[in-house]
Amino acid sequence: MSEQNKAVVRRFNQQVIAEGDRQAFNQLVGENFINRSAPAGAPSDRESLWHTFDQILRPAFSHLQVHIEDQIAERDWVTTRKIITGVHSGSLMGIAPTGLAVTIAVIDMVRIEKGKYAEHWGMNTLAAVMTQLKQFA
Numbered sequence: 539m540s541e542q543n544k545a546v547v548r549r550f551n552q553q554v555i556a557e558g559d560r561q562a563f564n565q566l567v568g569e570n571f572i573n574r575s576a577p578a579g580a581p582s583d584r585e586s587l588w589h590t591f592d593q594i595l596r597p598a599f600s601h602l603q604v605h606i607e608d609q610i611a612e613r614d615w616v617t618t619r620k621i622i623t624g625v626h627s628g629s630l631m632g633i634a635p636t637g638l639a640v641t642i643a644v645i646d647m648v649r650i651e652k653g654k655y656a657e658h659w660g661m662n663t664l665a666a667v668m669t670q671l672k673q674f675a
């Protein structure tokens, strides 16, 4: 089961984050998904997760790629250390495009239930990347 769960996470990273495939998102994220790392007061549901990729990251970063560095799976949990790279070619939360290459480091913990994302916890360096981009915008 651990290898199957890791494959779900790898597919999500490639097809949803890197490629923006809504059909894959619908297949891989459960209806009752909860993002435990959503900012306080922000929505933490399935659609807010899609919004993050479709309306924030993908429009801001062209040539988006996800590089999985490490994955560990146990029971229904998959922990992934990954790097998201791209070029800041669109507006990012009010920061004008800089044309700079960006690297966002991420560590995610995802609970898989019946082959779909059920819960997510994560940490990333997007805030630090935004601080750097502001210096060049």
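The numbering used here applies: residue 539 is where the sequence shown begins, and numbers increase by one.
Just so you know, even glycine gets a beta-carbon here, dropped at the ideal spot from N, CA and C.
These numbers come from a predicted model, not from an experiment.
Residue i vs residue j beta-carbon contact at 7 Å
i    : j    : result
I555 : F591 : yes
E651 : R574 : no
M661 : I642 : no
T636 : L671 : yes
V616 : V547 : yes
G632 : H601 : no
P597 : G558 : no
S586 : I572 : no
A580 : A634 : no
Residue from the options whose Cα sits closest to the Cα of residue i
i    : options                   : result
N543 : N570, K672, V648 and L664 : V648
G653 : S627, A634, V567 and D583 : V567
I606 : V667, L595, R560 and R549 : R549
T539 : A611, A634, L630 and H626 : The sequence given here has Met at residue 539, not Thr. Of A611, A634, L630 and H626, the residue nearest in Cα terms is A611.
F563 : A545, H626, Y655 and K620 : Y655
E569 : W588, A545 and Q553       : W588
Unbroken beta strand (DSSP E) run spanning residue i, endpoints
i    : result
E657 : K654 to N662
R574 : Where R574 is concerned, there is no enclosing beta strand (DSSP E), given that its DSSP letter is neither H nor E.
Residue range of the alpha helix (DSSP H) that includes residue i
i    : result
Q565 : R560 to L566
L587 : R584 to H589
Check: Which ranges does the beta strand (DSSP E) cover as unbroken runs of at least 3 residues, wholly within the stretch 594 to 648, from first to last along the chain?
Finding: 599 to 612 and 615 to 626
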